[in-house]
Amino acid sequence: TYVVTESCIRCKYTDCVDVCPVDCFREGPNFLVIDPDECIDCTLCVAECPVEAIFAEDDVPDDQQHFIELNAELAKQWPAIVETKDAPADADEWAQVKDKLGELER
Ligand code: SF4
Ligand code: F3S
Numbered sequence: 002t003y004v005v006t007e008s009c010i011r012c013k014y015t016d017c018v019d020v021c022p023v024d025c026f027r028e029g030p031n032f033l034v035i036d037p038d039e040c041i042d043c044t045l046c047v048a049e050c051p052v053e054a055i056f057a058e059d060d061v062p063d064d065q066q067h068f069i070e071l072n073a074e075l076a077k078q079w080p081a082i083v084e085t086k087d088a089p090a091d092a093d094e095w096a097q098v099k100d101k102l103g104e105l106e107r
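Positions 2 to 107 (UniProt numbering) are the ones given, in order, by the sequence shown.
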């Protein structure tokens with residue numbers, strides 16, 4: 002499966018959503034996750050993300066490993082998103098910010 006990691010938080014550009022052939026993105030207030038039960042490993046979403054938030058599960062950086070479980074957990078709680086929408090107005094200001102986990106809204 003593929004995993005959305007920290008750089009998505011408060012950026013949420015949603016470019017990833019349009020290319021997913023199986024609609025496996027789930028939407029929270031300021032972050033998206035991938036439902037690991039639905040992802041077919043097509044890889045298409047990876048190149049779409051302007052902040053390079055998406056990794057194959059095996060390639061998730063060491064300091065982002067907790068996002069594997071977080072995607073699985075939140076995918077069960079959040080609704081599907083199937084179309085790109087406008088990013089938050091201040092998304093670009095958060096694009097280079099690290100350690101954003103504390104900003105995650107559930
Ligand atoms: Fe969807 Fe493919 Fe990305 Fe999985 S790898 S989330 S199937 S676009
Ligand atoms: Fe997030 Fe990147 Fe998609 S910022 S919403 S993973 S395009």
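Think of the CB as a built atom: it goes at the ideal place given N, C-alpha and C, for glycine as much as any other residue.
Next item on the list: For the beta strand (DSSP E) containing Phe56, list its first residue and its last residue.
Entry: Ile55 to Ala57
Item checked: Contact set for Val20: own chain, Cβ-Cβ below 8 Å, skip 5 residues either direction -> Leu45, Cys46 and Glu49
Check: Hey, Ile10 and Asn31: beta-carbon distance below 8 Å or not?
Finding: yes
Next item on the list: For the alpha helix (DSSP H) holding Ile69, just list the boundary residues, first then last.
Entry: His67 to Ala76
Notebook entry, point to check: In three-state terms, what does DSSP make of Leu33?
Noted result: strand
Checklist line | Candidates Leu71, Ala88 and Ala92: closest to Arg107 by CA position | finding: Leu71
Item checked: beta-carbon Asp19 near the ligand SF4 non-hydrogen atom, thresh 7 Å -> no
Item checked: Selected residue, minimal CA-CA separation from Asp64, among Asp100, Cys43 and Glu94 -> Asp100
Next item on the list: Report yes if the CB atom of Pro80 is closer than 8 Å to the CB atom of Glu28, and no otherwise.
Entry: yes
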